[in-house]
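Quick note, the sequence shown lines up with residues 3 to 727 if you use this note's numbering. Where a beta carbon is used, it is the ideal one built from N, C-alpha and C, also for glycine.
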Amino acid sequence: MRLHEAVQRPEHLGIVLSEVRKILELGSRLVNYPIDTLTTIIKELGEVITKSDKFDELFEFAVSLAEHRTGEGTAGNMLLKRGHQNLAAGLWYEAIRLFGRAQKKLAKHEYQGELIEALARCSLAYERAGLLWAARANILAAANQTLHEFWQHGEILPQALFCLQRLVWIELQLGRVTCALAWIELSDVIAYQLMLANGKKKRFTDQRERQDQILGLLFLKADCFDLKWLENFPAILESKALNYARAALLYALGHEDQLRREHFIPEQENSHAVQDFFAGWLNQPAKDDLPDKPEFLRNRNVMLRSFVLGCEIKIVVENTLNSTYLSEAILAALESLLSTSLDAHLLPYREELEIRVKPSEFVGAVPRYNIDKVDGVTRIEILHPPMIFSCSIPEQQAFFNWLLEVVLVIVSEIALSEDFKTYFDKLSKDEDAFDRALNFALPSVFIENMLGNRPKFNIHDWFSDVESSKFLLERDLPWTHALPIACGIDKKPPITFEPGIGDPPEALFGVDNLKHRDRRVLSVINIPLWNEAKWKATAYVCHPAPQAPPMLILGFQEPEAAKLIFKSWRDRFGPVDASEELSISIVKGIDKAAPASYKVVIGSTPKSSIGAVGSTFITVTRFNRMDPPDSRNLDLFLREYEQKKRYILAPGHFEHPYTKPEIFIDLGIGKHEIHVKQAWEICQNDLEICALSEDDDPIIPEGIEDPPVLRALESISKRRKRQSF
Numbered sequence: 003m004r005l006h007e008a009v010q011r012p013e014h015l016g017i018v019l020s021e022v023r024k025i026l027e028l029g030s031r032l033v034n035y036p037i038d039t040l041t042t043i044i045k046e047l048g049e050v051i052t053k054s055d056k057f058d059e060l061f062e063f064a065v066s067l068a069e070h071r072t073g074e075g076t077a078g079n080m081l082l083k084r085g086h087q088n089l090a091a092g093l094w095y096e097a098i099r100l101f102g103r104a105q106k107k108l109a110k111h112e113y114q115g116e117l118i119e120a121l122a123r124c125s126l127a128y129e130r131a132g133l134l135w136a137a138r139a140n141i142l143a144a145a146n147q148t149l150h151e152f153w154q155h156g157e158i159l160p161q162a163l164f165c166l167q168r169l170v171w172i173e174l175q176l177g178r179v180t181c182a183l184a185w186i187e188l189s190d191v192i193a194y195q196l197m198l199a200n201g202k203k204k205r206f207t208d209q210r211e212r213q214d215q216i217l218g219l220l221f222l223k224a225d226c227f228d229l230k231w232l233e234n235f236p237a238i239l240e241s242k243a244l245n246y247a248r249a250a251l252l253y254a255l256g257h258e259d260q261l262r263r264e265h266f267i268p269e270q271e272n273s274h275a276v277q278d279f280f281a282g283w284l285n286q287p288a289k290d291d292l293p294d295k296p297e298f299l300r301n302r303n304v305m306l307r308s309f310v311l312g313c314e315i316k317i318v319v320e321n322t323l324n325s326t327y328l329s330e331a332i333l334a335a336l337e338s339l340l341s342t343s344l345d346a347h348l349l350p351y352r353e354e355l356e357i358r359v360k361p362s363e364f365v366g367a368v369p370r371y372n373i374d375k376v377d378g379v380t381r382i383e384i385l386h387p388p389m390i391f392s393c394s395i396p397e398q399q400a401f402f403n404w405l406l407e408v409v410l411v412i413v414s415e416i417a418l419s420e421d422f423k424t425y426f427d428k429l430s431k432d433e434d435a436f437d438r439a440l441n442f443a444l445p446s447v448f449i450e451n452m453l454g455n456r457p458k459f460n461i462h463d464w465f466s467d468v469e470s471s472k473f474l475l476e477r478d479l480p481w482t483h484a485l486p487i488a489c490g491i492d493k494k495p496p497i498t499f500e501p502g503i504g505d506p507p508e509a510l511f512g513v514d515n516l517k518h519r520d521r522r523v524l525s526v527i528n529i530p531l532w533n534e535a536k537w538k539a540t541a542y543v544c545h546p547a548p549q550a551p552p553m554l555i556l557g558f559q560e561p562e563a564a565k566l567i568f569k570s571w572r573d574r575f576g577p578v579d580a581s582e583e584l585s586i587s588i589v590k591g592i593d594k595a596a597p598a599s600y601k602v603v604i605g606s607t608p609k610s611s612i613g614a615v616g617s618t619f620i621t622v623t624r625f626n627r628m629d630p631p632d633s634r635n636l637d638l639f640l641r642e643y644e645q646k647k648r649y650i651l652a653p654g655h656f657e658h659p660y661t662k663p664e665i666f667i668d669l670g671i672g673k674h675e676i677h678v679k680q681a682w683e684i685c686q687n688d689l690e691i692c693a694l695s696e697d698d699d700p701i702i703p704e705g706i707e708d709p710p711v712l713r714a715l716e717s718i719s720k721r722r723k724r725q726s727f
């Protein structure tokens with residue numbers, strides 16, 4: 003009774019749950035105590051109690067007790083049930099933790115149905131978190147399990163169709179048209195074998211029709227370079243009864259007349275109305291879950307992408323099955339391992355990381371990787387044997403050991419941590435994260451079991467399916483070229499970043515409903531390179547010529563690393579930072595004891611990139627404190643800047659404070675914006691807050707009774723307590 007009442011009164015819930023745990027602890031010592039009844043009650047309580055630390059503690063104790071009393075299967079079922087409750091409540095990352103642990107405990111033949119559910123539900127949680135490669139790996143494993151009974155006993159489990167249709171949706175979100183077609187083809191076969199009727203048949207056909215429409219949306223996104231390879235695809239789509247996709251492709255190819263002859267377009271509709279119809283199709287909400295253009299896997303090299311912790315991982319892979327399988331395994335393992343790490347235990351610092359994967363005859367059974375730094379840019383190259391997945395059991399174990407190693411290397415290249423070992427030890431202990439990442443990361447076995455060793459993933463694999471007349475490309479430009487921005491086809495315009503007023507809401511720091519792809523790292527700072535360069539000083543050069551802009555010199559101890567920093571900036575921005583992506587701020591009045599001291603802050607300007615990012619972003623900055631005896635040099639530079647409204651940012655070699663610096667003017671970058679602030683003016687939401695420390699004693703002018711900087715310093719203190727580093 004008290005427990006029932008406490009559910010309605012959250013302020014009493016923690017006390018009652020603690021008492022229930024004590025009952026469990028006492029009962030666990032009694033041989034005949036009905037533990038099952040109490041654990042069943044706890045499982046059902048999860049339907050109404052979502053986020054509660056006390057309930058989580060009670061649940062974990064009940065799981066360990068159930069495992070001790072009745073075995074891993076019972077514990078796995080409890081975790082599966084709780085994972086489903088969290089998924090239904092929108093707590094994706096808690097669901098991933100629970101489903102991952104459940105998979106390990108349910109990986110036995112007698113729990114095959116429960117294992118399939120754990121894999122499929124975990125795939126859904128990954129998908130909702132925006133981790134499509136991990137989602138794909140899990141649903142592949144689930145689909146493989148559903149068809150195991152067919153291979154053994156000729157029986158197809160009903161869950162097979164659900165898993166295959168989820169595979170289609172994931173491939174569509176990845177934009178991989180030919181892969182989606184391969185799974186559509188197999189799902190059609192399975193649906194026919196299951197002899198669906200009534201509601202089941204309607205659910206299948208309704209979902210297939212929606213997939214047909216989204217496939218058409220991808221064809222509408224195709225450019226002319228891809229469309230010229232799709233001239234025989236209308237016949238292929240017709241043979242698969244994908245009529246919406248066929249109509250979209252015909253229109254993209256320029257065959258509006260064919261659609262009129264087939265009465266897909268009514269006779270009374272003029273070309274402008276037809277264009278509006280297809281523009282509306284292209285602009286439906288589903289477009290936000292699709293890439294900018296479809297992938298047909300036709301080029302020699304293709305690119306696989308993932309956003310993890312806000313960093314974009316790009317894998318340029320040679321277009322062979324084994325290279326692709328390896329790349330998919332790396333992305334699936336990486337996404338799975340870091341899936342629950344959005345909550346600041348790791349600090350991502352890199353906007354993107356490029357990895358190249360290709361086969362080599364000179365590599366043994368296990369792949370190898372090399373980390374190259376070209377002009378300060380880090381790239382990882384992975385070489386693998388051509389027949390990487392045809393190996394013995396010991397070689398397979400060696401491969402998984404290598405896969406874990408390379409994933410951890412990637413993590414170290416995109417994120418920082420005070421102690422990686424402690425962090426990953428905790429992930430392994432609390433979540434079985436390494437098992438979750440590796441056990442189902444390898445797609446090749448599952449794909450070959452279902453589609454054979456030559457799955458039709460490449461566009462050329464489909465050309466022999468039909469022999470009919472082709473629909474040649476009739477357009478010189480994509481059909482979207484003349485559409486207005488209002489149609490939603492063009493990119494969204496950049497949004498100017500404006501700091502908010504007051505304390506940010508606590509919900510802003512939560513990650514329960516934040517997708518990995520909805521966070522972006524905005525960084526012009528290559529942290530390893532800056533650490534190597536050792537920024538130690540800031541200097542100014544003012545030329546007497548009336549038109550010559552002043553120069554702001556960043557002084558580094560290591561000149562070669564400094565040159566690489568500016569070379570990479572010039573490669574990215576050009577000789578003039580026209581979009582003002584580099585943010586330069588000077589914060590004055592930072593120390594009452596040293597009135598002339600100031601800090602120079604360098605980072606990214608969010609307004610130049612925010613239009614392409616999601617709901618949150620992380621910026622990386624560096625600052626340098628200067629302690630001159632007076633402000634003459636800085637004042638002179640600022641006067642020159644105010645007159646000319648431009649300046650040059652350049653690197654310099656500062657070997658010693660008393661030696662003449664060497665300035666590398668040829669690497670200078672022209673700029674127009676510089677932000678000058680007094681420390682007391684900095685609010686808690688200003689980007690310049692990064693230049694403040696808790697123990698700073700900034701100059702506050704007389705008469706300023708409530709300076710914003712006090713709230714900024716307080717927010718820094720709160721943030722330090724919230725974060726683990």
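Paired residues, beta bridge with residue i - DSSP
i    : result
H655 : F558 and E664
N626 : V602
R358 : V318 and E383
N451 : Partner(s): none; N451 has no beta bridge.
E297 : R178
K673 : Y649
Q680 : K590
Residue i - DSSP class collapsed to helix/strand/coil
i    : result
T618 : strand
V276 : helix
S587 : strand
T42  : helix
Y113 : helix
K538 : strand
P577 : coil
P369 : coil
F57  : helix
S430 : helix
N79  : helix
G490 : Because G490 carries a pLDDT of 47, less than 50, the predicted location of this residue cannot be relied on, and no value is offered for it.
C544 : coil
A595 : coil
Any non-hydrogen atom of the ligand PLP within 7 Å of residue i CB
i   : result
S54 : Although the ligand PLP was asked about, the structure shown includes no ligands whatsoever.
Residue i to residue j span [Cα, whole Å]
i    : j    : result
K24  : V413 : 41 Å
A77  : L418 : 35 Å
E644 : N533 : 32 Å
D259 : I384 : 49 Å
G732 : S308 : Past the boundaries of the shown model lies residue 732; the chain is included only from 3 to 727, so the question cannot be answered.
G490 : F280 : Its pLDDT being 47, under 50, G490 is placed unreliably by the model, and the measurement read from it follows with that caveat. One C-alpha to the other measures close to 12 Å.
D505 : P551 : 40 Å
A435 : A331 : 15 Å
V22  : L100 : 22 Å
D697 : P350 : 26 Å
T380 : I416 : 10 Å
E704 : L306 : 58 Å
Q686 : L108 : 48 Å
Pick from the options that is closest to residue i, judged by C-alpha positions
i    : options                   : result
A541 : F558, I118 and E683       : F558
D668 : R438, K565, H518 and E690 : K565
D257 : I449, L222 and S241       : This sequence places His at residue 257; Asp is not what is there. Comparing Cα-Cα distances from H257 to each of I449, L222 and S241, the minimum goes to L222.
P2   : E233, S325, S394 and L89  : The first residue shown for the chain is 3 and the last is 727, placing residue 2 beyond what the model contains.
K458 : I684, A137, W185 and D520 : W185
C544 : I701, N626, N635 and S394 : N635
F401 : E363, G85, N455 and A335  : A335
L174 : D190, E129 and E151       : E129
Buried or exposed by the 16-neighbour rule on C-beta atoms within 10 Å, applied to residue i
i    : result
R178 : buried
E433 : buried
N372 : exposed
S610 : A caution first: S610 carries a pLDDT of 49, below 50, which makes its placement in the model unreliable, though a value can still be read off. It counts as buried.
E27  : exposed
E580 : The question names Glu, but residue 580 in the sequence shown is Ala. Exposed is the call here.
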